[in-house]
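Okay, so here's the structure we're looking at.
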């Protein structure tokens, strides 16, 4: 059954002309973590940050093209952070792009209020 499922996934990838690229990201020294870029043959591409404290590509041109970014974030803003802080994210993404921007955040409900104040959309 596993072989058939894998063949089906490969078939779908070919039919949709998808490409999947991964990049090594920075999280903690003991783990290799990766971000992923999924490109479609028709329309929007999707970037997923994975677990990282950096954004390892230029987000503005990517957003200008109507693409989607999922960036892991946290409220902690300190040296040695393992996720991108909301402060860093706010500096990286100008306000005019925030309605196009989705984030998941590694904190509690109070974080949603802070995201809303900065005009970010979010996914939990």
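In UniProt numbering, the protein residues as written are 1 to 124.
We put the CB at the ideal spot given by N, CA and C, even for glycine.
All of these numbers come straight from a predicted model, not from anything done at the bench.
Short Cβ contact (7 Å threshold) for residue i with residue j
i          : j          : result
residue 33 : residue 27 : yes
residue 35 : residue 45 : no
residue 7  : residue 21 : no
residue 89 : residue 75 : no
residue 73 : residue 84 : yes
Closest residue to residue i among the options (Cα-Cα distance)
i          : options        : result
residue 71 : 64, 21, 52, 62 : 52
residue 95 : 14, 7, 78, 63  : 63
residue 97 : 7, 65, 30      : 65
residue 57 : 80, 73, 92, 30 : 92
residue 15 : 80, 77, 40     : 40
Outcome for residue i when other beta-carbon atoms lying within 10 angstroms are tallied against a minimum of 16
i          : result
residue 25 : buried
residue 9  : exposed
residue 47 : buried
residue 3  : exposed
Distance between beta carbons of residue j and residue i, contact taken as under 8 Å
i          : j          : result
residue 69 : residue 82 : The pair is not a contact, with the Cβ atoms about 19 Å apart (cut-off 8 Å).
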